[in-house]
Amino acid sequence: MSGHSTYVPKTGFERWLDARLPIVRLMHDSAVSYPVPRNLNYLWTFGGILVFMLVAQIVTGVILAMHYTPHATMAFNSVEHIMRDVNFGWLLRYLHSNGASMFFVAVYVHIFRGLYYGSYKAPREVLWILGVVIFLLMMATAFMGYVLPWGQMSFWGATVITNLFSALPVVGETIVTFLWGGYSVDNPTLNRFFSLHYLLPFMIFGVVILHIWALHVVGQNNPTGVEVKNVQKDTVPFTPYATIKDIFGMVCFIFVFAYFVFYQPNFMGHADNYIPANPAVTPTHIVPEWYFLPFYAILRAIPDKLGGVLAMFAAIAVLAFLPWLDTSKVKSMRYRPVARVLFWAFLVVCIVLGYLGAMPAEEPFVTYSRIFTALYFGYFISLVLVGIFEKPAKLPNSIADSVLANTKGGSGASLAAATASEPNAKG
Amino acid sequence: MAHATETTQTTRRDFLMLATGAAGAVGLGAVVVPLVSQLAPDAQTIAAGAPMDVDLGPIAEGQAIKLFWRGKLIFVRHRTKKEIDEARAVNVATLPDPQTDQARVKEGHEQFLIVYGNCTHLGCVPLGNSPGDPKGDYDGWFCPCHGSHYDSSGRIRKGPAPLNLPIPPYAFNADTKIRIG
């Protein structure tokens, strides 16, 4: 999709720079003249929202690190110091802690968007896998960040999650000791988690650049899943069309974000984390943050330690294989009557797993967790078969055709001609 | 340009390639050792694991205490006659991690059970030390995180934990005095 560059340097300085480092040309080609499908809906604004959230987390995080003390005896108090003493410290910390949750809200919308419209299919497999890598890095970053306040949930969350590795045969115990830097979660653990929590967002940033690069090589998918055939008819330039749409979506998202920060700042946290870490007492009901709950439910569903850990990691890893598991050639679920039903069922399964992950490890929740874990993996298996038997609905000939059919009940080539020239007329 | 080197003979460049590669591989290995080794428990942490003396005298029958050694939680439980009998009555072959109660306590001091206090599943602290705590289905401990039940010998009986609560290294140096480590 990245066609011939249309950048024309205007000033003498731009010409001089363009011959030495064509960075303005790169920005122009990827964020101004870059053609985007004209039928993108608001679900496509979440990529931009995610970039915004990453930058917001880095900015607030770097500032918090200036006031935070990564030591087992001082970390908890330094967080309270941020909340009470530092100017606007309460705001910065609430932005950062709620920001993590909102980051996951956005990434889950982004992932389910990709699942619904088949954005993982050829030629976007590498783009999709890079997304799974970012998701994994996000989970590692969020987990280590949650440990830093050194409250009860921090400490016991760290204990439970690092102990997952002890399930590995032979090397498990050694790996856990090396993760801890001691014989239990303690100050060395906190120190290394702080270091890595600061590092990983920049690694995410790097993979995001690869993700966007891959996106700009293959072009965006769109709600029809039909590839761009005619750049003139099927696409509009990124600026102003996608730019304004992305920013509008971002502002709406920030309203929701701000609501939580200012009115419900602890809604997505746990009261137990305002109790300093105590290695002698585990909170009676220990749960991870909401965005890990479905995976936590899968972990607990398997009555075997190693099996549970493997199932949990498999639940994430299976996403990376999705481009090859889904055998259908049709991308968008709009035109897949059977797979569409399965998709919505899968969404419900994930939400129910999230609910089960928050419940105590007792009946009837354990049995339900097992059923829904089977259903979770069942979605991926069923996509293999559905792709073979399903008879898809008729696909539109092009993106432009589908847009016209939607707007005016679809009559006539004259409309096609009129709207095809629209981008230029408006631009 | 490269006409002279396109021969089947071994050249100085081939030699440099192999020698540099070999030196690079050794160097990489030498760099990885400190980078990984620093993750292990440091000298201070290991030094904190010196042997520790504990007086079990004040622990009344039926009572249990928690203490820390090497940063790890240890339960010391003064068991009642009933708890000892229950632990010994079970058929060892039916246990998930078969071990007799006799093998888990010191002979002549059967009333004292000394075990690490972290669940062998994912490391939570099982409940059962305080009088009001749930003790699980087997009069021992119950882990609230993922529902593992331990018996009055600290053996896993039910739930996702794979192993019995491990026994720390200790010895009695008097009737009610032990040295851990």
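Protein chains in written order, with the working numbering: chain L, 2 to 428; chain G, 4 to 184. Built from N, CA and C at the ideal position, the CB exists for glycine as well.
For G48 (chain L), the enclosing alpha helix (DSSP H) begins and ends at F47 to H68.
Considering only L:V172, L:P150, L:H198 and L:A159, the residue with the shortest C-alpha distance to A272 (chain L) is L:P150. Three or more Cβ pairs closer than 8 Å define a contact, and the stretch 84-95 of chain L falls short of that threshold against the stretch 300-310 of chain L. In the DSSP assignment, T236 (chain L) falls within the unbroken beta strand (DSSP E) covering T236 to P238. Using a C-beta cut-off of 8 Å, the stretch 247-260 of chain L makes no contact with the stretch 115-132 of chain L, since fewer than three inter-stretch Cβ pairs fall below that distance.
Annotation: the continuous beta strand (DSSP E) that includes F145 (chain G) extends over D142 to C146.
Chain G has a Cβ within less than 9 Å of the Cβ of A281 (chain L). In the displayed model, A67 (chain G) falls within a strand according to three-state DSSP. Cβ-Cβ distances below 7 Å link R39 (chain L) to D235, T236, V237, I400 and V404 in the same chain, with the five nearest sequence neighbours on each side left out; the list follows chain order. At least 9 Å separates the CB of N94 (chain G) from every CB of chain L.
A Cβ-Cβ distance of about 5 Å is found for the pair F296 (chain L) and M313 (chain L), placing them in contact under the 8 Å criterion.
Sorting L:N164, L:P189 and L:L211 by C-alpha distance to the C-alpha of L128 (chain L) places L:L211 at the top.
Within chain L, the residues G182, G183 and P189 have their CB atoms less than 9 Å from the CB of D45 (chain G), given in chain order. Near chain L, meaning a CB-to-CB distance below 9 Å, the residues of the stretch 100-127 of chain G are G120, N121, C122, T123, H124, L125, G126 and C127. Counting of Cβ neighbours within 10 angstroms places S370 (chain L) among the buried residues, the total reaching 16 or more.
Contact annotation: the stretch 338-353 of chain L does not touch the stretch 275-282 of chain L, with fewer than three C-beta pairs closer than 8 Å. Assigned with DSSP and collapsed to three states, Y43 (chain L) falls in helix. Against chain L, the beta carbon of L76 (chain G) has neighbours under 9 Å at S185, P280 and A281, listed in chain order. Closer than 9 Å to the CB of P147 (chain G) there is at least one CB belonging to chain L. Counting only Cβ-Cβ distances below 9 Å, D273 (chain L) has no contacts in chain G at all, with the closest Cβ about 12 Å away. Those residues of the stretch 39-73 of chain G placed with their C-beta closer than 8 Å to a C-beta in chain L are V39, L42, A43, P44, D45, T48, G52, K69, F71 and R73, ordered along the chain. Of all alpha-carbon atoms in G:V29, G:R158, G:G120 and G:N167, the one lying nearest the alpha-carbon of V282 (chain L) is that of G:G120. Neighbours of P170 (chain L) in chain G, taken as residues at a C-beta separation under 8 Å, are lacking, since the least C-beta distance is about 11 Å.
In the displayed model, D88 (chain G) falls within a helix according to three-state DSSP. Interface residue (Cβ-Cβ distance to chain G less than 9 Å): F373 (chain L) is not classified as such. It is roughly 14 Å from the alpha-carbon of M20 (chain G) to the alpha-carbon of Q12 (chain G).
Chain-order list of chain L residues neighbouring G150 (chain G): R301, P361, A362, E363 and V367, by C-beta distance under 9 Å.
Here C122 (chain G) has P129, C146, S151 and A164 as same chain residues with Cβ atoms under 6 Å from its own Cβ, once five neighbours each way along the sequence are excluded. Identification of chain L residues near P165 (chain G) by a Cβ-Cβ cut-off of 9 Å yields A168, D305, K306 and L307, ordered along the chain.
Here the C-alpha atom of A346 (chain L) lies approximately 12 Å from the C-alpha atom of F381 (chain L). When C-alpha distances from C127 (chain G) are compared across G:R182, G:L168, G:A33 and G:T48, the shortest belongs to G:L168. Counting along the chain, S151 (chain G) sits inside the beta strand (DSSP E) bounded by residues S151 to D154.
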